[in-house]
Each structure stands twice: as structure tokens, then as C-alpha cells.
Amino acid sequence: MIKYFFTTTQDKNIAFHVNDDISDVKQNRLNLSANYGINIDNLRYMNQVHGCNIEVVTKQSEVCLDKCDALITNESNTPLMVMVADCIPILLYDEKKSVISVVHAGRNGTFLSIVEKTVLKMHEVFNCKVENITVVLGPSIQKCCYEVSVEMANTVKSKFGEEYTNDRLIDLQGINKKQLLDLGILSKNIDISHVCTKCSNENYYSYRLNNNCGRFAGIISLP
Ligand SMILES: [Zn+2]
-15 MIKYFFTTTQ DKNIAFHVND DISDVKQNRL NLSANYGINI DNLRYMNQVH GCNIEVVTKQ
45 SEVCLDKCDA LITNESNTPL MVMVADCIPI LLYDEKKSVI SVVHAGRNGT FLSIVEKTVL
105 KMHEVFNCKV ENITVVLGPS IQKCCYEVSV EMANTVKSKF GEEYTNDRLI DLQGINKKQL
165 LDLGILSKNI DISHVCTKCS NENYYSYRLN NNCGRFAGII SLP
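Be aware that the sequence shown starts at -15, since it is given in this note's numbering, and climbs by one per residue.
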């Protein structure tokens, strides 16, 4: 069985790049292997840069893949991780081909269609079929709270459609969903968390609530 989950603030900060003690973060990551049963020794993660580079992970890949915002693998027992606080952590999998993927989709990544490019790469490299791909969008800042400048809201309106804006509020989840549906991903295979990291008061970090916060993670692993 493919295993996936999103960590919470109870799992504490998972990222090295925020203002946190390195040994504490290492311990927090180790705890994930006990609490969620993943092989932390084989974990791969990214130096995320809000771009749209996508890397294919093999057993030989570096532990931290530099300057990319999506990972794909068909390697068994090799968990992939994306770290966020408001951006959308997206997990994808094709059980038929045993291929998994993580995507970091903030505003930039979404504008660059990173989730769409990741699906296309899953097809190109591993011959995944869109009808077999399931996509999970984790807790992230939602249209209730994601306020941007007037200019940015207008950009969203003209690039994606009026339905993705409400004055200066934008709907990143909706835009990602549209990109997936346009590719042929089945609606029933798209699962979007309704938890807004900023206003839900649930256990997830929100950068807009506290820009000194940690990061939580979306992790997926093949058996
Ligand atoms: Zn909200």
C-alpha cells in the first residue's frame, strides 16, 4: 500500500531552513519514522525555490535535491517530502505503475503550472495514465484568507478566470484543480483538504499568521 500523510504542529518543525535548532529538527524527523512508519533513512526532500523544476529520484539521488519544487519516483521504500506553511503540499500517486510524487505549489508554482508539469512528467518518464493518477492537496491557505495585491488578483482573473478571485482574495486550490481537470485527471481522484492553515486554528503552521513559524510536511512513500 502507498502510504501518505501530512504532519502537524504536534510533530513540530520539519525544516532545517527556518530558525530552529538543527539537532531538534533531526530528532523531529526521526520521530516521523516511529510515528508514521516510514523509512526516514531513505527520505528525499527539496531545497524548494518556488520554481517549476521537477526531479526524478533514484536510490542514487542526493538526500536534499537542490533548486526544485517537485519530486517523482518509482523507487520502493523511498519517501518523498514537501515542506510548507500556507503553500499547497500536493501528493500524487499512480498505484498501477507504482509511481509517486510531491509538489510544492505556492502562488509562483501554481502560476508556472507545476502540478500540470509534474503529471506530464509522470506520463513521460513512467508512462502513467492520467485516469490512474490520484492527487491530494493538503492543508494550505484558502480563498477565505489568501489576499494579494489588486494587480495580482487581476493577473489571476485574466490568466485563469474570474471565478478564482473574490476582490483581492484568490483561490489557489481551485486553480490547481482546474489544471488537473484540464489534463484529464478524474474529479473523483482529486482530494482537496478544506483546512485553511491561516484561519482554521488547526495544527498546521501558517507563514501569514506568524512569519517566524516552522514548516509541516506532506510525505508519500511506496512500500
Ligand atoms: Zn482562511
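Don't be surprised by glycine CBs; every beta carbon is placed ideally from N, CA and C.
Predicted model only: the values in this text are computed from it and were never measured.
Taken atom to atom, the span from the alpha-carbon of Ile154 to that of Val114 is near 27 Å.
Collapsing the DSSP output to three states places Met30 in a strand. One Cα belongs to Leu64, the other to Glu135, and the distance between them is close to 35 Å. Along the length of the segment 3 to 63, whole beta strand (DSSP E) runs at least 3 residues long occupy 38 to 40, 54 to 57, reported in chain order. The three-state reading of DSSP puts Val114 in helix, counting H, G and I together. Using a cutoff of 7 Å, the CB of Cys197 does not count as near ligand 1, since none of the ligand's heavy atoms is closer than that.
Going by beta carbons, Asn111 and Lys127 fall outside the 8 Å limit. At a threshold of 7 Å, Gln157 does not count as near ligand 1, since its beta carbon sits no closer than that to any of the ligand's heavy atoms. Taking the Cα positions, Ser97 is about 35 Å away from Ala18. Shown here, His107 sits in a helix according to DSSP, grouped into three states. Annotation for Cys180 indicates a beta carbon within 7 Å of some heavy atom of ligand 1. In the three-state reduction of the DSSP assignment, Phe(-10) falls in the strand class, which pools E and B.
For Cys52, the shortest C-beta to heavy atom distance toward ligand 1 is 7 Å or greater. With 16 or more other CB atoms across the displayed protein chains lying within 10 angstroms of its CB, Thr181 is buried.
Between Tyr191 and Ala69, the gap from beta carbon to beta carbon is short of 8 Å.
Membership of Phe200 in the beta strand (DSSP E) is indicated by the continuous run 200 to 205. For Ser85, there is no enclosing alpha helix (DSSP H); the residue is part of the beta strand (DSSP E) that begins and ends at 83 to 89. Cβ neighbours of Val41 within its own chain (closer than 6 Å, five residues either side excluded): Arg28, Leu55, Thr57. Each of Gly145, Asp53, Asn92, Ile84 was checked against the Cα of Asn116, and the nearest Cα belongs to Ile84.
Taking the CA atoms as reference points, Val33 sits about 31 Å from Lys80. Per DSSP, Leu96 lies in no beta strand (DSSP E) segment and is marked neither H nor E.
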